[in-house]
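J.:
Protein chains in written order, with the working numbering: chain H, 1 to 283; chain F, 1 to 308; chain C, 1 to 501.
#1: Listed in chain order, which residues of the stretch 58 to 72 of chain F have Cβ atoms closer than 9 Å to some Cβ of chain C?
#2: Distance cutoff 8 Å, beta carbons only. Does residue 95 of chain F sit that close to anything in chain C?
#3: Would you say residue 475 of chain C lies against chain H (beta-carbon separation less than 8 Å)?
#4: Would you mind telling me which residues of chain F sit closer than 8 Å to residue 92 of chain H, beta carbon to beta carbon, in chain order?
#5: For residue 72 of chain C, which residues of its own chain have a beta-carbon under 8 Å away from its beta-carbon, when the five flanking residues on both sides are left out?
#6: Put residue 83 of chain H into one of helix, strand or coil per three-state DSSP.
#7: By the three-class DSSP mapping on this structure, what secondary structure does residue 315 of chain C have?
#8: Kindly give me the distance between the Cβ atoms of residue 241 of chain C and residue 224 of chain C, rounded to whole angstroms, as I take these residues to be in contact under 8 Å.
#9: Is the beta carbon of residue 396 of chain C less than 8 Å from the beta carbon of residue 272 of chain C?
#10: Measuring from the CB of residue 92 of chain H, is there a heavy atom of the ligand MG at a distance below 7 Å?
#11: Taking any Cβ of chain C, which residues in the stretch 54 to 74 of chain H have a Cβ under 7 Å from it, in chain order?
#12: Thinking residue 139 of chain F and residue 185 of chain F are a contact (beta carbons under 8 Å), I'd like their distance in whole angstroms, please.
#13: Secondary structure at residue 295 of chain C, three-state DSSP: helix, strand or coil?
#14: Below 8 Å on C-beta distance, what does residue 384 of chain C contact in chain H?
#15: Answer yes if the stretch 351 to 365 of chain C comes into contact with the stretch 319 to 338 of chain C, meaning at least three C-beta pairs across the two stretches below 8 Å, and no otherwise.
#16: Would you say residue 366 of chain C lies against chain H (beta-carbon separation less than 8 Å)?
#17: Tell me, please, whether the CB atom of residue 163 of chain F is closer than 8 Å to any CB atom in chain C?
#18: Give the single residue among F:51, F:275, F:254 whose Cα lies nearest to the Cα of residue 167 of chain F.
#19: Roughly how many angstroms separate the alpha carbons of residue 392 of chain C and residue 420 of chain C, rounded to a whole number?
#20: Based on the DSSP secondary-structure assignment, which residues constitute the bridge partners of residue 134 of chain C?
#21: Which residue marks the beginning of the beta strand (DSSP E) containing residue 271 of chain C, and which one marks its end?
#22: Check the Cβ-Cβ distances between residue 148 of chain H and every residue of chain C, and say whether any is below 8 Å.
#23: Answer yes or no: do residue 389 of chain C and residue 270 of chain C have a C-beta to C-beta separation smaller than 8 Å?
#24: Would you be able to state if there are at least three C-beta pairs under 8 Å between the stretch 95 to 106 of chain H and the stretch 247 to 263 of chain H?
#25: With 16 other CB atoms within 10 Å as the buried threshold, where does residue 63 of chain H fall?
#26: So which residues on chain A does residue 219 of chain H lean against when the C-beta distance must stay under 8 Å?
#27: Taking C-alpha atoms, which residue in F:178, F:130, F:276 lies nearest to residue 142 of chain F?
#28: If you reduce the DSSP assignment to three classes, tell me which class residue 310 of chain C lands in.
#29: Just confirm the distance between the C-beta atoms of residue 51 of chain F and residue 34 of chain F, as a whole number of angstroms; I'd bet it's less than 8 Å.
#30: Using the C-alpha atoms, what's the distance from residue 133 of chain C back to residue 119 of chain C?
#31: Let me confirm a value: residue 252 of chain C is counted as buried when at least 16 other C-beta atoms fall within 10 Å, else exposed. Which label applies?
#32: Quick one: Cα of residue 131 of chain C to Cα of residue 115 of chain C, how far?
#33: Go ahead and label residue 80 of chain C buried or exposed: buried means 16 or more other beta carbons lie within 10 angstroms of its beta carbon, across all protein chains shown.
#34: Using only alpha-carbon positions, find the residue among C:314, C:356, C:373 that is nearest to residue 330 of chain C.
#35: What does residue 424 of chain C touch in chain F if you count any residue whose Cβ is under 8 Å from its own?
#36: With the cut-off set at 8 Å, would you say residue 263 of chain H and residue 215 of chain H are in Cβ contact?
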């Protein structure tokens, strides 16, 4: 660590760029260690201690951050809520990213009817409202965290597919790809070893933008009553019930709201940092 | 070029047909509206009778063919819940959707593009950093929360603006801000990127060397070239705005298509959902077509519709 | 006794209101009312939905109505007499004119009855009126209705039968009537701005109590927090469907106040008693003891709702005094479940939909888990919920939270559908209950009816086929200046309101 601050890696990725990533790491750690950090069971109710302000004592509870509409400890729920927000966002980005990228790559490389079919199917999915898919999924498969991820992945994959497709078109004509084709490399090899690494930067840029959106989408689904099941704590559902108490018990919505805000903000800042590094426009 | 457009128009037609078909069958996995229309006290016989009267007891394929036959006559059918033609429902809501999308786009561009310019021209100034922070913060709040906070502040506490519903220009301000703030960052980002790229081009260097001022360069030379990617993004962002308005419309009681879609989905008002989704598909596909077209203008390496 | 209870209840609700309706007139030009959604239709015969009837009940008159105390009172009919077990004759007012100027006659009443009971017309409300098999106009102001067998709930149902003008409906047809409804009520249809609002204008020629406000606007405001903000900002004068916590916010407002009213809505825990583990009466008994109703009504809901020991509220015909439920006793519930053994431990889904108060559902779940059951909440949308709940004993969810209103304040509209095997909701399959329900449905003698329903209540109290929880409240919020006594039947009659500056 005593090395001078002029090492090549530092120069390209200065120290000040690291702090959002550090905060993000805190969120991730909180999610993983939730049972160790939370002072109480996040679902334990105390009906005589409803909507108590931060610092109140009621029965066996000491409400550091106040209590919610059923007298549950807000701090414990916020800590556990980190899990849902992060898990939903990470899984849906991975799932939609992998699926969309694969299809977009193939469409851009093979062209012809494969391209037409894939891109038009992407259009079909872009046209279907996420809420419709959410209601149908809940009605047919039942509600769960996995299904929330499924809904988000189904509605978001076309965005990756469109980007991967366009980028592949731009890359496929380049000399090194032509060389690889001429030297007899297989299709899969060309796709994943030559094209994918070249377009990965742009896709990661899209993924970081999407990650913040997914956190907000999960909250939106909770607002519409289609999110994770109660009483599971999620910031989205805490925020959407807490809206009813903005004037009488500000802490119920404000605290999970600030956490959500901080998470999306750090994700976006991290995204910007990654983008500045990867996106050719910013180098 | 004409061949390309014809080909894509043909594909668009097939895509919309695909959307209609998918929506038709997928919706019907969730049952039918009968249970939601009758009182709790209705007997199974009452429910069956109403189901028969509404035609939901017919085989799916018969219902589907009926839907297609209506569609061929440009008839979107009638809402089973409101008992008015679907086209009337859409026509009454479309102006509000366009107004909100327009308002939000104005907010997003009106703030986002100047901030993008600021970020590109004065990268490390304090003002640029503050602006960047503002843009990111605005993008990080769920609208159902920021919306109610806006209402409580500007309508209840300060009394400057009407809290909800429609009526005049003042009613449009808060929903446009709530929705527009989300897209602002996208415009700031793409404007910054486009400008930085243009500023590194030879013609700008030449102009600079000739002593042309930065504002003049921006207005006379760079703006035109940087506009293309910004328009491309705007095209995509419009379809995001149209689709993402559901929650803003609910919070501000704004009677747009987003609200109508959610209500129709929940009410199993199939034909309304089909109508709105097909309209949405038309817009989405049209905008995608436009952005593909613009891509090829920006980057001539991408041949239009070529095959391998 | 029932009557006194009922009056007591409505007096209680009217606690903050001192002026009788219509006593004070002020220069309030337009009353703004915020509902959840817009009406499905303003044709009173083609839908069944609160946002519609809140509006159209101001445009149309009904054959009979309920006064502010909840007692059935004359409206279009001035008096009625039972000619036989199946025939009832109504004398009609002769001074009623529709908004188009034509006179309301017996023909219009007969037409309205026949319209809504015609199976081909396919009214969703058909089931509420299909016991009426014939309607005859004896003369211009006399109508006789014939029912299929004796039907004691007839008057309670007729409260909801709006009289439409025969000539207008026949001239314009079904769909056009919905767009420009013509009635005889205290307000005339003005304009319908789709998705936004319906405006009504005062009918200055109204035969009854004239309205205090020249016009009234019903708006669609889907988000409850926004409805509260509208009240606090003075943008609306009345809002429906708030919850206790939202209404509590209004207590600090300069402009608005909460106006809660106990309704005929009964909240209960629905169970499928044919399925494991609830087919074991010991488990159901434990559940009945595990639920602390008082903690739900006072702790969670804010004290307006009242715990119930039977499946009816005091606002219902058929409510029986003195029915007792098992007192809350967590220790006994635990012991009972422990005695049942591992069977009681299997996972139970508590099915619910977003319209129900999720605070109550989560509190219930916690209470049952505390007693030793393993209960998981399962949320679906309303359409799926209704479908599953009416799917018969083989597939009705094991457990669900529900709130029931027949809109008729009569035992037959609550107990029959929930407990008689002719209905899709029912799964108890209990002979005693079914016989008593059939008696209650077909007996005109009030004492015999009450005895039959007493049997049902007692059977529920000993067998726990369902667990009655509480009498639900409707939480309105109004401007501080609005004088209004809401009624248990969840109607907003604007001509019974007034304004006090």
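For each residue, glycine too, the CB sits at the ideal point set by N, CA and C.
T.: Let me lay it out:
#1: none
#2: Taking Cβ atoms only, chain C never reaches closer than 8 Å to residue 95 of chain F, which makes this a no.
#3: No, residue 475 of chain C does not count as interfacial toward chain H.
#4: What residue 92 of chain H touches in chain F: nothing, since even the nearest Cβ is about 16 Å away.
#5: 64, 65, 66, 155, 156, 159
#6: DSSP places residue 83 of chain H in helix when its eight states are reduced to three.
#7: coil
#8: Contact between residue 241 of chain C and residue 224 of chain C holds: CB atoms are separated by about 7 Å, below the 8 Å threshold.
#9: yes
#10: Summarising the ligand content, the structure contains no ligands, and the ligand MG is consequently not present.
#11: Answer in chain order: 69, 70.
#12: The distance from the Cβ of residue 139 of chain F to that of residue 185 of chain F is about 4 Å, consistent with a contact at the 8 Å cut-off.
#13: The answer is helix: DSSP assigns residue 295 of chain C an H, G or I state.
#14: 138, 139
#15: no
#16: By the rule that beta-carbons nearer than 8 Å mark a contact, residue 366 of chain C touches chain H.
#17: yes
#18: F:254
#19: 11 Å
#20: C:146
#21: 256 to 271
#22: no
#23: yes
#24: Cβ pair count under 8 Å is below three, so no.
#25: Classification of residue 63 of chain H: buried, given that the 10 Å Cβ count is 16 or more.
#26: Protein chains in the displayed structure are H, F and C, and chain A is not among them.
#27: F:178
#28: Three-state result, residue 310 of chain C: coil.
#29: 5 Å
#30: 12 Å
#31: exposed
#32: 14 Å
#33: buried
#34: Selected option, being the one with the closest Cα: C:373.
#35: 43, 44, 47
#36: yes
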